[in-house]
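Scroll down for the structure; my scribbles are underneath it.
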Amino acid sequence: MDDYMPSTTLFVLLLPFLAALFAPALTRLFRHNAAWLLAIVPVVIFWHFATFLPEISKGEVVTGGYQWIPAFRVNFSWFVDGLSLTFALLISGIGVLIVLYSGGYLKGHEHLGRFFSFILMFMGSMLGLVVSDSFLMFFVFWELTSITSFLLIGFDHKREASRRAALQALVVTGGGGLFLLAGLLMIWNVTGISEMSLLLRSQGVLADSPFYLAIFVLVLGGAFTKSAQFPLHFWLPNAMEAPTPVSAYLHSATMVKAGVYLLMRLNPVLGDTAAWETVLPVFGGATLIVGTLLAIRQTDLKLMLAYTTVSSLGLLVMLTGFGHPKAVEAAVLYLVAHSMFKGALFMVAGGIDHEAGSRDITKLGGLMSAMPITFAAAFASAFSMAGLPPFFGFLAKEEIYAGLWQPGAWPLLLTLVAIVGNGLMFVIGFAVALKPFLGEKPAGLREAHDGLVLLWLGPAVLAVASLLTAVFSSVTHRLISIPMATAVEGAPVSVYISLIPHIGMALLLSGITIVFGIVAYRNLERLRSAMAATLTAIGWGPDQGFDQFIRGIVRVSFAVTRIVQNGRMETYMKATFVLLIVAILVPMILFDELPAMPQWPQDVSLYELAIMAIAAVGLVAVIFARDRLTAIVSLGIQGFAVALLFMLFGAPDLSFTQFMVETLSVVILALAMTRLRLTPTDHRPIGKRLFDVTISVVGAGAFLLLLLKVIQLPFDLTLPEFFTNYSMSIAYGRNIVNVILVDFRGTDTWGEIAVVMVAGLAILSLIRISTRRPWPSIATNDPNDEERR
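Oh and the sequence shown: position 787 is 787 in UniProt numbering, straight run, nothing missing.
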């Protein structure tokens, strides 16, 4: 259906950016209550999109928008189906809790208002990304998420680690954005379609295109960098340098899932191919295993959760690319479950750090009695992360095994990967939820309590939501799971999984996962030591490789800059003319566009030959002039000769203009030269002179060939006829040349005048500098003295 309130949707999309504009002022005005006030913004957004649930659950879609650039068929348009609606509800719903949590976590921070502004801008960027229909609108919001996440990750900009993490995230995700842009442009070129809703109706067009592989690789470049797939996973754990609200929002529930969203969105048109069903499971499975193994190594609560976020993203990519409807259903369920339990656990980790003063799991313990609400939320979220009933994570895990358990060696291998990955996530989930709260309180640990309601409200709400969505799974599936899975699959899908155990292979595999997780949890310290030893033995990793890559770019850039930006005008002029020669000659030679050589005309008059002889004499005089003043005057001879030619061929106005320009140029340059040293100072060696002569001759020849080719083409009278017909009627001028310069090209002429003025100011500055600085001695043999003079 069409959006019956397009202006409302547009207002909702712009609302976060408007709120970000006023957030600092509101924070200063309302102080501790600003979080409650600003949380109204995501509440309004959540409510607006929740009103679409009845229509979307019936299989309808909501579209709307406005023309942006009609000439290029670019619109500011939105497209809401089950996939985009689920993301919009997650972004706004969890956004409410994050804004409130930020008010408690950063209470009293001098830059809290700026933080609210950044988080709201990110919310608007992510919201625009998931509902965008236009390719251009999608890419703009995609890049805005990278920019706003850069601001959030580097929020504590006085710390070098924060600055490095922010730059690393921007470089990786920004580079991926360039791949995505190229991919979208290729899709546009291949299909002629510039909107997602229309592209989804053209299934088979891209898969059958000879450009499919190129489009596939470019799209993966954007998706894999954004969703931190191995070996590009390293930026996400480093982004934990950001404040915990950023980690809980960007790097678990929203931004890092943008790449997964892209793959799910394009699954109907890019999926169901050998490349899709091979590359995605391979990289997704590798990311799942690598992420969980690296999580085992960590002792920092946020880093443990960050690496399991990497592994969860790998699991989502693997399921999206597996190519079975049940796997798509599993990906949908797990995406929703992960957003709830991981967002809650990140906020729990931040609450522990805020109250106890530490995130090191080896230095925490005995907090259950001091922080009972936080412990309850953590324990419930760990149950969901481990895939245990009665939470939504249990439904997701059962569906994962139901989707992957298919005949064949390839599904068996991926099933084993899923068992290992889920088992290790079981370990990390309960390690975060239990170890800080059970046992004896370590000596020196700060006294802690549940603290402000803003700190525990978010984890508690998400834990309860994870429970309710599982208990009322039929409602959840009808409103969320089925519409979303249908959008991802590109065909109607039914989801029936519930809390009632279904006896079968999925339940058996789930039991194996739980047993493996319990055994691994009891041997967590041994596993951590083994992983530490393994990583120490390996040494080099992608994170270190990124630093080496950046250092290499800096060194190469420095070396290239020393060559092409060496401060010598001679080098710049040579490079300019060489590139110009290449640009003219190479296409003409490659495409066989060289002109036919003209014959010498038989009716050349004596005075025409005389004028050409004068021009030739002027050229010889310039070349062999012994000082600059003589060269300038000789250069004017050629200009006057050209003016005479204009006059002979019936262009007196143009001839007069040429006379004036040449006269003024000679006079001005001569006046300027009187302030400079005009003695002969050409110290160039013979090799340089020959090289310069070669460039001059070849350049002149290139322009000669170009002009000959131009005059041999059919002459287009469109512009001459236009100026002839309209110079009087529109500009009221009979002198066509003057009318062109003053009226038709008025802005261009104004720009040329501005350029001349700037050049004159530059010359004036050089003259003044030359009168203040001593000149190098002419007696020196340094060839660079001439250039400095």
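Every residue gets a Cβ at the ideal spot worked out from N, C-alpha and C, and that includes glycine.
Since this is a predicted model, take the numbers as computed values, not measurements.
Under DSSP, Ser77 takes part in a beta bridge, and its partners are Gly65. Taking every protein chain shown into account, the CB of Lys58 has fewer than 16 other CB atoms within 10 angstroms, so this residue is exposed.
Around the beta carbon of Val99, 16 or more other beta carbons sit within 10 angstroms, so the residue counts as buried. The distance from the Cβ of Ser149 to that of Asp156 is about 14 Å, inconsistent with a contact at the 8 Å cut-off. In the DSSP assignment, the residues bridged to Glu195 are Ser134.
For the options Ile611, Leu671, Leu455, Leu664, the alpha carbon positioned closest to that of Phe646 is the one of Ile611. In this structure, Arg528 sits away from Ile289, with a CB-CB distance that is not shorter than 9 Å. Nearest neighbour of Met137 by Cα position, chosen from Ile400, Leu106, Leu180, turns out to be Leu180.
Of the candidates Val554, Ala759, Ala670, Ala670 places its Cα closest to the Cα of Thr630. Per DSSP, reduced to three states, the secondary structure at Asp692 is helical.
In the three-state DSSP reduction, Asp300 falls in the strand class (E or B). With respect to Leu335, Ala327 sits apart: the two C-beta atoms are not nearer than 9 Å. Straight-line measurement puts the Cα of Ala331 at about 19 Å from the Cα of Phe472.
It is roughly 29 Å from the alpha-carbon of Leu218 to the alpha-carbon of Val493. When Gly421, Glu662, Val96 are compared, the shortest CA-CA separation from Leu37 is found for Val96.
Scanning Gly183, Leu585, Val666, Ile589 for the CA closest to the CA of Gly699 turns up Leu585. Partner residues in the beta bridge of Asp360, as assigned by DSSP, are Asp300.
Using a Cβ-Cβ distance cut-off of 8 Å, the region 425-437 and the region 382-391 are in contact, since at least three pairs of beta carbons, one from each stretch, lie closer than that value. Ranked by Cα distance from Asn33, the first of Phe76, Val453, Thr309, Pro16 is Val453.
Taking every protein chain shown into account, the CB of His502 has fewer than 16 other CB atoms within 10 angstroms, so this residue is exposed.
Taking 8 Å as the upper bound for CB-CB distance, Leu200 and Val269 are in contact here, some 6 Å apart. Around the C-beta of Lys158, fewer than 16 other C-beta atoms lie within 10 Å, and the residue is accordingly described as exposed.
DSSP places Gly323 in no alpha helix (DSSP H); its state is neither H nor E.
Contact annotation, Lys342 with Thr309: C-beta distance approximately 6 Å; criterion of less than 8 Å satisfied.
In the structure shown, the three-state DSSP call for Gln712 is helix. At least 9 Å separates the beta-carbon of Gly365 from that of Lys302. Taking a contact as a CB-CB distance under 8 Å, the pair Thr225 and Gly176 counts as one, their CB atoms being some 3 Å apart. Per the coordinates, the alpha-carbon of Gly64 lies some 40 Å from the alpha-carbon of Lys107. Annotation: the continuous alpha helix (DSSP H) that includes Thr469 extends over 453-471. The region 406-425 makes contact with the region 278-288, as at least three CB pairs between them are under 8 Å.
A check of alpha carbon separations from Leu280 across Leu313, Thr254, Val256, Ser358 identifies Leu313 as the nearest.
Glu525 is classed as exposed because its beta carbon has fewer than 16 other beta carbons within 10 Å across all chains shown. Around the beta carbon of Leu198, a 10 Å sphere encloses fewer than 16 other beta carbons of the protein chains shown; the residue is thus reported as exposed. Restricting attention to His251, Asp653, Ala25, Phe659, the CA atom closest to the CA of Ala641 is found in Phe659. Around Ala349, the same chain offers Thr244, Leu301, Lys302, Leu305, Arg359, Val432 as residues with beta carbons nearer than 7 Å, after the five sequence neighbours per side are excluded.
Distances from the CA of Ala470 to each of Ser146, Gly701, Pro389 were compared; the closest alpha carbon is that of Pro389.
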